[in-house]
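S.K.:
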Amino acid sequence: MTPEVLNDLIRMTNRLGAPGNDYVILGEGNTSARAEGGAFWITSSGSELRTASNDTFVRVDLARALAMVDDRSLTDERTREALIASKVDGAPEPRPSVETPVHAVLLEAPGVNFIGHTHPTWINILTCSTRFGAALTGRLFPDEIVLCGLAPMLVPYIDPGVPLARIIREHLARYRASFNTVPKVVLMQNHGLIALGATAQEVENITAMAVKAARVMVGTFALGGPSFMSESDAQRIQHRLDEHYRQRVIEARAGRS
31 MTPEVLNDLI
41 RMTNRLGAPG
51 NDYVILGEGN
61 TSARAEGGAF
71 WITSSGSELR
81 TASNDTFVRV
91 DLARALAMVD
101 DRSLTDERTR
111 EALIASKVDG
121 APEPRPSVET
131 PVHAVLLEAP
141 GVNFIGHTHP
151 TWINILTCST
161 RFGAALTGRL
171 FPDEIVLCGL
181 APMLVPYIDP
191 GVPLARIIRE
201 HLARYRASFN
211 TVPKVVLMQN
221 HGLIALGATA
231 QEVENITAMA
241 VKAARVMVGT
251 FALGGPSFMS
261 ESDAQRIQHR
271 LDEHYRQRVI
281 EARAGRS
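In my numbering, the protein residues as written are 31 to 287.
Written out as structure tokens, the structure reads:
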């Protein structure tokens with residue numbers, strides 16, 4: 031019997047990989063979810079999100095994956111060996127995604143049960159531009175805050191895999207110290223988007239809203255640039271009880287679709 035969490039992960043992965051969304055093509059992107067026994071499910075290397083099935087996912091030991099982040103002696107070859115060794119079953123194939131350590135770092139954060147990493151065109155128009163950072167210093171409209179939080183976590187470009195996991199761990203600690211919460215959105219320069227959620231549906235919702243916000247942001251530059259919401263207005267939206275209720279309703283309805 032397939033665990034319920036894996037069924038949810040498969041559905042989420044297929045939807046994130048749907049061609050009409052323009053979030054990924056071919057073997058781009060990866061997804062993960064917490065599993066029982068200190069483990070997590072993650073897409074295998076080179077798999078396509080749109081066609082993901084039970085066989086696409088491997089179960090990885092969280093502690094072993096996190097140990098890779100602290101091992102400064104890892105070469106490319108030893109990284110490959112460590113990824114295989116991190117699998118619960120220890121089998122050489124299929125290999126876990128090279129981004130397994132990144133997922134381990136983020137899944138260790140409180141409240142994060144599902145992760146979707148994609149490369150949406152509209153997101154990467156921003157992350158690959160000279161305005162990366164400057165264009166992402168504020169929020170544009172209330173629903174962006176409701177679904178994506180007060181601010182994204184911005185990460186400068188670095189080699190994917192273990193080096194990226196290390197810098198994400200550093201930035202995550204700073205973000206939590208500044209905002210007293212875990213980010214819902216991670217934007218990586220010249221790379222893409224990571225959505226963090228308590229449920230698979232939340233990851234889908236965050237991804238969709240982050241892409242919409244990116245499209246709006248790009249469009250504002252045709253009319254003089256973005257007009258960000260004030261910090262006080264953004265904080266007000268973040269803490270309104272009716273907005274929290276509406277978010278729960280949105281997630282429940284989307285989950286039935």
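Cβ atoms here follow ideal geometry from the backbone N, Cα and C, with glycine treated the same way.
Buried or exposed for Thr61, please, with buried defined as at least 16 other CB atoms from any protein chain shown within 10 angstroms of its CB.
M.R.: Its Cβ being crowded by 16 or more others within 10 Å, Thr61 is buried.
S.K.: Between Ile224 and His147, is the Cβ-Cβ spacing less than 8 angstroms?
M.R.: It is a contact, given that the beta carbons lie within the stated cut-off.
S.K.: Cα separation between Gln219 and Arg64?
M.R.: Rounded to whole angstroms, Gln219 to Arg64 spans 26 angstroms at the Cα level.
S.K.: Roughly how many angstroms separate the alpha carbons of Gln268 and Ser103, rounded to a whole number?
M.R.: Answer to the nearest angstrom: the Cα atoms are 43 angstroms apart.
S.K.: Identify which residue in Arg206, Gly191, Pro190 and Thr160 has its Cα closest to the Cα of Pro182.
M.R.: Selected option, being the one with the closest Cα: Arg206.
S.K.: Going straight from the alpha carbon of Val192 to that of Asn154, what length do you get?
M.R.: Cα to Cα, Val192 sits roughly 22 angstroms from Asn154.
S.K.: List in chain order: all unbroken alpha helix (DSSP H) runs of 4+ residues lying wholly within the stretch 100-165.
M.R.: The stretch 100-165 contains these whole alpha helix (DSSP H) runs: 106-116, 130-137 and 151-157.
S.K.: For Asp91, list the residues DSSP reports as bridge partners.
M.R.: DSSP output for Asp91 lists Ala69 as bridge partner(s).
S.K.: When DSSP labels each residue in this structure, what does Arg196 get in the three-state scheme?
M.R.: In the structure shown, Arg196 sits in a helix (DSSP, three-state: H, G or I).
S.K.: Could you tell me if Gln265 is buried or exposed, where buried requires 16 or more neighbouring beta carbons within 10 angstroms of its beta carbon?
M.R.: That one is exposed.
S.K.: For my contact list, Ala115 and Arg94 are in at a C-beta cut-off of 8 angstroms; report their separation, rounded to the angstrom.
M.R.: Indeed they touch by this definition, with Cβ atoms about 6 angstroms apart.
S.K.: If contact is defined by three or more beta carbon pairs under 8 angstroms, each pair taking one atom from either stretch, is the stretch 69-79 in contact with the stretch 115-132?
M.R.: The answer is yes - the stretch 69-79 touches the stretch 115-132, with three or more Cβ pairs under 8 angstroms.
S.K.: Once DSSP output is grouped into helix, strand and coil, what is the label at Met218?
M.R.: Correct three-state label for Met218: strand.
S.K.: For the 8 angstroms Cβ check, are there 3 or more pairs between the stretch 170-179 and the stretch 228-244?
M.R.: Counting Cβ pairs under 8 angstroms, three or more are found: they touch.
S.K.: Name the two residues that bound the continuous beta strand (DSSP E) containing Leu184.
M.R.: Met183 to Val185 is the extent of the beta strand (DSSP E) around Leu184.
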